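Here the sequence shown stands for residues 7 to 86, where the numbers follow the numbering used here.
Have a look at the structure below, then the notes.
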Amino acid sequence: MAYSTKRRFMAGAVCPRCSTMDSIVVFNLDGKDFRECVNCDFKEEMRLNIATGELQTRVNHHEEESQAVQVINIIPDKSN
Ligand SMILES: [Zn+2]
7 MAYSTKRRFM
17 AGAVCPRCST
27 MDSIVVFNLD
37 GKDFRECVNC
47 DFKEEMRLNI
57 ATGELQTRVN
67 HHEEESQAVQ
77 VINIIPDKSN
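This is the structure we're talking about:
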């Protein structure tokens, strides 16, 4: 869930239908993220983009954790 249920304007976003700048609002509805144009009838679910972002974040966290564990194991060996 990336956005709240409150509609927020997306700065610099251009509507793909009417090409109006700063007319796109993003909001969450029933656990799904949507973007909607306030100038025309454009409305789209953003499910694909959100899923990709979550996967990338999880991978990065795992890499950082495994590196930290390796450093901790190496230091006691050198001091002995
Ligand atoms: Zn529009």
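Glycine is no exception: its CB is placed at the ideal position from the N, C-alpha and C atoms.
Note that this is a predicted model, so its numbers are computed, not measured.
Short of 7 Å in beta carbon distance, which residues of its chain neighbour V44, apart from the five on each side in sequence? Order them along the chain.
In the sequence shown, residue 44 corresponds to position 38, counting from 1. Result list for V44: S29, V31, in chain order.
With DSSP collapsed to three states, give me the class of R13.
If you number the sequence shown from 1, residue 13 lands on position 7. Correct three-state label for R13: coil.
Answer yes or no: the CB of F48 versus the heavy atoms of ligand 1, is any distance below 6 Å?
As a position in the sequence shown, residue 48 is number 42, starting the count at 1. Because some heavy atom of ligand 1 lies under 6 Å away, the Cβ of F48 counts as near it: yes.
Assuming contact is defined by CB atoms lying nearer than 7 Å, are R23 and F48 in contact in what I supplied?
Working through the sequence shown from its first residue, we reach residue 23 at position 17. Working through the sequence shown from its first residue, we reach residue 48 at position 42. Contact: yes.
Indicate, with yes or no, if ligand 1 has a heavy atom lying under 6 Å from the CB of N45.
Sequence index remark: in the sequence shown, residue 45 carries index 39 (1-based). Yes, the beta carbon of N45 sits closer than 6 Å to at least one heavy atom of ligand 1.
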